[in-house]
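In what follows, a structure is listed as structure tokens, so that the remarks can point back to it.
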Ligand code: GTP
Ligand code: SPV
Ligand code: MN
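In this note's numbering, the protein residues as written are 383 to 969.
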């Protein structure tokens, strides 16, 4: 039964249903009663396992196909009319050719299945930032994840009224055929189609497909920014809360930084942290000349391995109710979950992510390295009181960062906005398990947006430069690297909660409360300006973490020159100027 009279919606659904031929169509109204039925259905069908109700109330475990465990960047497409508009970093196909291919896959794909209609909002429904979408899917797993990750249900249809202004999304899990897996964005049609996958970022379309690939196009047109960024509020002992955004590539520490717990010495002095978002930020210039950010999501799709009471108790706490775990291990002793790094001692017996019996002697990983939890934001102990503020929060600093074993120092500050755009554009990081492909290979990942920018990357840099002219009280831009290693390959910086020591310096810089040393890259801290008390790090080690190896950076600069050249004439001149300055500084 339809729950809207909006013809744009009902005609489109009829069209998709005529193609995919589902046995029935079910509208997701967002009610607890309906969700309860769907959970039961998912458990009955074997798609989800109900976990210990006492220890993990309303929590479930899902295992994906072993070949469907991460985003598939080589099968992700931006289909706009001109190939040039997608740029050299995106896969492209002419839209009508792609529609034809997808129509072939969609034809009859939902026979014998139910097609669910999920109306959802990215951002607080009715707020100036909000954008609406409808995802049609034949997967209960997608429905149950989407209602955690977004604001979904009939309120969205009410907010939409008769409007045609929504993003159309179609998903079928199909046969999971690897050779016919496609994650496709049509930015000119505001349409997303993903087929033959049932994993996270491929199919929870509100996240990367909409809130980044489609939204980056909308932002460019409408004068705002869609970024792969966490949003964190930091409250100092005076009770002032200052906000930062941080762009780190997938599995490089956004969720952890967004929920960090201050080191003990800071806590005693009254420092607090407030999580506004852990993965995506939409930023707009405010009337006051500052950039304001909202998190368009309503839950966390976080990396499980490494999440422990020691590294990130807040994230762990988020997963204690109403959470769906994907590809973690099942601890059979009490029907709970486990993953590498959760506790020092693994369970004696478990079922691994492949569904096979596992013991610590098995010599394999119990949880997949990209196993995840989908947890509602309401569970977060440090959820910001501003989380649902329709106008967002004002941003003082933008922080870029990645995994670099040697090159990038612990922290440095850019000289100004345009130079900061340069710093973001040259980001590089070792690849992780969040996407299919090799792990640990250094690749350029500008602004952590390489897999998510929905148009030509150099046009995107130009958009950043242009945004700099739209606000007169812009955030200051920094770069951090928590991942420098010593000769034994161990991380030198303690990371996690101790990252607040660096954030404190960053925020002081934003408010002219501390000095800095000029260097070839911009500004670095004086060692004595970073509070190391209780960190176990001495000033000498800090010096080594801040050291800039000119030889390595000359190689880096040559590599950047080559990289920029690969984008052709569109690279903004401001970025070339910053590169020349860097080259001169290194002479
Ligand atoms: P996506 O959800 O894929 O976008 O990832 P993310 O950027 O949110 O990364 P997340 O915070 O989940 O961290 C990924 C991995 O990095 C986990 O295994 C963490 O334990 C590890 N990690 C996070 N922060 C730090 C840090 O400060 N130092 C070190 N050494 N490791 C960290
Ligand atoms: C990422 O890979 O950056 C994620 C997980 O946040 S996914 O939703 O799969 O994109
Ligand atoms: Mn991410």
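Backbone N, C-alpha and C define an ideal beta-carbon position, used for all residues, glycine too.
According to DSSP, residues forming a beta bridge with residue i
i           : result
residue 664 : 608, 676
residue 739 : 733
residue 623 : 617
residue 713 : 718, 732
residue 518 : 499, 552
residue 902 : Bridge partners of residue 902: none, in fact.
residue 444 : 708
residue 459 : 473, 566
residue 836 : According to DSSP, which records beta bridges pairwise, residue 836 is partnered with nothing at all.
residue 657 : 614, 765
residue 681 : 758
residue 826 : 810
residue 453 : 817
residue 628 : 612, 781
Supposed contact pair residue j and residue i - C-beta distance, whole angstroms, cut 8 Å
i           : j           : result
residue 566 : residue 462 : The Cβ separation is near 11 Å, so there is no contact.
residue 437 : residue 716 : 7 Å
residue 773 : residue 846 : Not really, about 22 Å apart at Cβ, beyond 8 Å.
residue 484 : residue 564 : 6 Å
residue 852 : residue 605 : 6 Å
residue 651 : residue 662 : About 32 Å separates the two Cβ atoms, so there is no contact after all.
residue 526 : residue 706 : 6 Å
residue 568 : residue 477 : 6 Å
residue 761 : residue 703 : 6 Å
residue 570 : residue 838 : At roughly 14 Å, the Cβ-Cβ gap does not stay under 8 Å, so residue 570 and residue 838 are not in contact.
residue 921 : residue 914 : 7 Å
residue 630 : residue 515 : Their Cβ separation, rounded to whole angstroms, is 26 Å, which puts residue 630 and residue 515 out of contact at 8 Å.
residue 748 : residue 720 : 6 Å
C-beta atoms of residue i and residue j nearer than 8 Å
i           : j           : result
residue 523 : residue 402 : no
residue 655 : residue 614 : yes
residue 813 : residue 825 : yes
residue 864 : residue 875 : yes
residue 589 : residue 455 : no
residue 557 : residue 492 : no
residue 741 : residue 731 : yes
residue 836 : residue 599 : yes
residue 530 : residue 708 : no
residue 816 : residue 479 : no
residue 535 : residue 410 : yes
residue 574 : residue 596 : yes
residue 983 : residue 626 : The first residue shown for the chain is 383 and the last is 969, placing residue 983 beyond what the model contains.
residue 608 : residue 685 : no
residue 843 : residue 968 : no
residue 926 : residue 909 : no
residue 619 : residue 882 : no
residue 507 : residue 533 : yes
residue 518 : residue 388 : no
residue 904 : residue 797 : yes
residue 928 : residue 729 : no
residue 579 : residue 587 : no
residue 503 : residue 538 : yes
residue 860 : residue 795 : yes
residue 642 : residue 878 : yes
Residue i Cβ short of 7 Å to ligand 4 heavy atom set
i           : result
residue 685 : Among the ligands modelled here, namely ligand 1, ligand 2 and ligand 3, ligand 4 does not occur.
For the stretch 533-587, which segments carrying the alpha helix (DSSP H) assignment without a break, of at least 4 residues, lie completely within its bounds, in sequence order?
536-542, 582-585
Write down every uninterrupted run of the beta strand (DSSP E) in the stretch 390-434 whose length is 3 residues or greater and which is fully enclosed by it, in chain order.
406-409
Which complete alpha helix (DSSP H) runs does the stretch 766-812 hold, if anything under 4 residues is left out?
799-807
With a cut-off of 6 Å, give the chain-ordered residues whose Cβ is closer than this to any heavy atom of ligand 2.
453, 582, 583, 589, 590, 632, 661, 683, 816
May I have a chain-ordered list of the beta strand (DSSP E) segments no shorter than 3 residues that lie completely inside the stretch 471-513?
496-504
Counting only runs that start and end within the stretch 844-893, where is the beta strand (DSSP E) found for 3 or more residues in a row?
858-862
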